[in-house]
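What follows is a single structure, written as structure tokens, with notes after it.
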Amino acid sequence: MSILVFIEISEGEIKKSSLEAVSYAAGIGGEVTAIAFGEASQEALAAAGKAGANKVLHVADEKYKQGNIQAYASALAAAVDTTGAETIVLAKSSLGDPVSARLAIKIGASLASNVTELPDTSNGFTVKRSIYTGKAFANVDLTEGKRIIGIKKNAAIIKEDGADAAVEAFAVNAEDADFKVKVTSQEKATGEILLPEADLVVSGGRGLKGPENWGMIEDLAKTLGAATGCSKPVSDMDWRPHHEHVGQTGIKVAPSLYIAVGISGAIQHLAGVNSSKYIVVINKDPEAPFFKAADYGIVGDAFEVVPKLTEAIKALNN
Ligand code: FAD
């Protein structure tokens with residue numbers, strides 16, 4: 052089986068979520084070809100081999116640098132033709148989602164996103180996807196024709212035992228229609244670790260009483276090398292910027308560790324954090340719903356617990 056994987060590049064490196072997609076594809080079994088756009092060294096791209104890719108196609112053309120969705124979908128369709136891929140895998144993301152939808156139309160493929168496990172190929176090709184913001188699962192039959200699989204973060208463990216992949220330039224016959232939308236500039240949020248990609252997140256809720264108390268959240272986050280997040284009311288009240296709002300209507304995070312401080316654990320908040328590997332909850336109310344979703348819980352006053360936790364981690368680091 053030939054499998055094509057769309058890999059996203061950030062600052063010259065393959066994103067972690069895309070390495071997961073490559074390892075997921077390798078787990079299906081078959082010839083895995085990855086395709087990447089924009090600026091990245093041969094060495095950085097070859098690293099996809101460690102995660103399970105046999106080959107990497109690189110679209111280095113300047114025009115493809117800025118994350119143009121239409122152009123990426125057309126280039127992927129061309130790569131599907133070239134490789135004869137029947138299965139296309141990508142990471143669910145703000146770029147992957149619209150690209151996969153457009154690609155599905157272009158190549159007439161079925162599409163399942165939010166996929167959480169390797170497919171069941173014992174009798175056809177069935178994938179399990181998370182639905183209703185993680186409250187339920189659906190098994191989707193993708194046996195017929197071409198299929199696109201958008202995997203949820205942390206759905207696959209990144210393999211590291213492969214050999215470097217061969218990297219080949221891939222030229223696309225770009226059409227003007229693909230570049231109707233022009234990305235005129237891109238700005239990186241300054242300073243902090245970006246929340247959607249963060250491996251560690253410290254998040255605060257209304258229990259922190261006011262923006263003046265965020266110093267201890269930032270201190271803990273800095274000590275851990277974590278990004279900071281918050282609940283919706285906190286950003287609604289302008290205690291924190293909106294790009295930190297985690298949940299159903301905000302950013303969906305998938306870190307290895309999510310520390311929730313003074314957050315009750317409403318379903319809309321949980322919808323944004325339920326892909327985290329480990330959840331630690333600090334709340335003074337032992338009945339707070341968040342404890343049900345937690346791997347570890349500390350019942351206590353955040354104003355006492357958080358500074359002590361930070362000091363203890365600092366002591367470990369020294
Ligand atoms: P609260 O519910 O007020 O909880 C504060 C918590 O802090 C309590 O559990 C309390 O015990 C604890 N606490 C208080 N003092 C201390 C202390 N000193 N030490 C330790 N703990 C303390 N919310 C989101 O977060 N994200 C979303 O994306 C989102 N989308 C929504 C979409 C819709 C359509 C709707 C209707 C709601 C949405 N909400 C969302 C809001 C959500 O329902 C909750 O109201 C919100 O998550 C509550 O935020 P909170 O936990 O910070 O505040």
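Reminder that position 236 of the sequence shown reads as 287 in my numbering, one-by-one numbering, no gaps.
All C-beta atoms in this analysis are idealised placements derived from N, C-alpha and C, irrespective of residue type, glycine included.
Residue i versus residue j: straight-line alpha-carbon distance, rounded
{"i": "residue 74", "j": "residue 211", "result": "9 Å"}
{"i": "residue 77", "j": "residue 153", "result": "24 Å"}
{"i": "residue 350", "j": "residue 357", "result": "12 Å"}
{"i": "residue 140", "j": "residue 72", "result": "6 Å"}
{"i": "residue 173", "j": "residue 104", "result": "23 Å"}
{"i": "residue 138", "j": "residue 90", "result": "26 Å"}
{"i": "residue 115", "j": "residue 133", "result": "19 Å"}
{"i": "residue 162", "j": "residue 192", "result": "10 Å"}
{"i": "residue 142", "j": "residue 207", "result": "10 Å"}
{"i": "residue 367", "j": "residue 109", "result": "43 Å"}
{"i": "residue 299", "j": "residue 317", "result": "10 Å"}
{"i": "residue 320", "j": "residue 312", "result": "13 Å"}
{"i": "residue 63", "j": "residue 205", "result": "22 Å"}
{"i": "residue 158", "j": "residue 151", "result": "10 Å"}
{"i": "residue 266", "j": "residue 117", "result": "35 Å"}
{"i": "residue 236", "j": "residue 175", "result": "45 Å"}
{"i": "residue 294", "j": "residue 67", "result": "21 Å"}
{"i": "residue 81", "j": "residue 168", "result": "17 Å"}
Neighbour-count burial assignment, residue i, 16 or more Cβ in a 10 Å radius
{"i": "residue 360", "result": "buried"}
{"i": "residue 113", "result": "exposed"}
{"i": "residue 170", "result": "buried"}
{"i": "residue 194", "result": "exposed"}
{"i": "residue 296", "result": "buried"}
{"i": "residue 58", "result": "buried"}
{"i": "residue 60", "result": "buried"}
{"i": "residue 156", "result": "exposed"}
{"i": "residue 286", "result": "buried"}
{"i": "residue 363", "result": "exposed"}
{"i": "residue 325", "result": "buried"}
{"i": "residue 136", "result": "buried"}
{"i": "residue 15", "result": "Nothing can be reported for residue 15, as the shown portion of the chain is limited to 52 through 369."}
{"i": "residue 301", "result": "buried"}
{"i": "residue 228", "result": "exposed"}
{"i": "residue 92", "result": "exposed"}
{"i": "residue 231", "result": "exposed"}
{"i": "residue 190", "result": "exposed"}
{"i": "residue 255", "result": "buried"}
{"i": "residue 187", "result": "exposed"}
{"i": "residue 203", "result": "buried"}
Whole-number beta carbon distance between residue j and residue i, since they are thought to touch under 8 Å
{"i": "residue 253", "j": "residue 246", "result": "Wrong, their Cβ atoms sit about 11 Å apart, outside the cutoff."}
{"i": "residue 197", "j": "residue 160", "result": "4 Å"}
{"i": "residue 322", "j": "residue 185", "result": "6 Å"}
{"i": "residue 111", "j": "residue 220", "result": "6 Å"}
{"i": "residue 209", "j": "residue 70", "result": "5 Å"}
{"i": "residue 274", "j": "residue 335", "result": "So it is not a contact: roughly 22 Å between Cβ atoms."}
{"i": "residue 65", "j": "residue 83", "result": "Contact doesn't hold; Cβ gap of about 14 Å is too wide."}
{"i": "residue 56", "j": "residue 95", "result": "That belief does not hold up - the Cβ atoms of residue 56 and residue 95 are roughly 15 Å apart, past 8 Å."}
Is the number of C-beta pairs between the region 90–104 and the region 212–225 that are closer than 8 Å three or more? yes
With a threshold of 8 Å, are at least 3 pairs of Cβ atoms found where one atom belongs to the region 299–308 and the other to the region 324–342? yes
Return the chain-ordered ranges of every alpha helix (DSSP H) run that is complete within the region 112–145 and spans a minimum of 4 residues. 120–134
Are the region 137–147 and the region 259–266 touching by the rule of at least three beta carbon pairs closer than 8 Å? Taking 8 Å as the limit for Cβ pairs, the verdict is that the region 259–266 does not touch the region 137–147.
Any contact of the region 219–229 with the region 119–137, i.e. 3+ C-beta pairs under 8 Å? yes
Kindly provide the ranges of any alpha helix (DSSP H) runs that are 4 or more residues long and lie completely inside the region 272–340, ordered along the chain. 283–287, 318–321
Taking 8 Å as the cut-off, does the region 335–347 touch the region 271–290 (at least 3 CB pairs, one atom from each stretch)? no
Quick test of the definition: if touching needs 3 or more C-beta pairs under 8 Å, does the region 181–188 touch the region 118–126? no
Alpha helix (DSSP H) runs contained entirely in the region 65–101, provided each spans 4 or more residues: 67–79, 93–97
In chain order, what residues place their C-beta within less than 5 Å of a heavy atom belonging to the ligand HEM? Absence of the ligand HEM is noted for the structure shown, with the ligand FAD being the only ligands found.
Where in the region 161–221 do unbroken runs of the beta strand (DSSP E), each at least 3 residues long, occur, reported from the N-terminal end onward? Secondary structure in the region 161–221: the beta strand (DSSP E) runs of 3 residues or longer, each lying completely within the stretch, are 161–166, 177–182, 187–192, 198–202, 217–220 in chain order.
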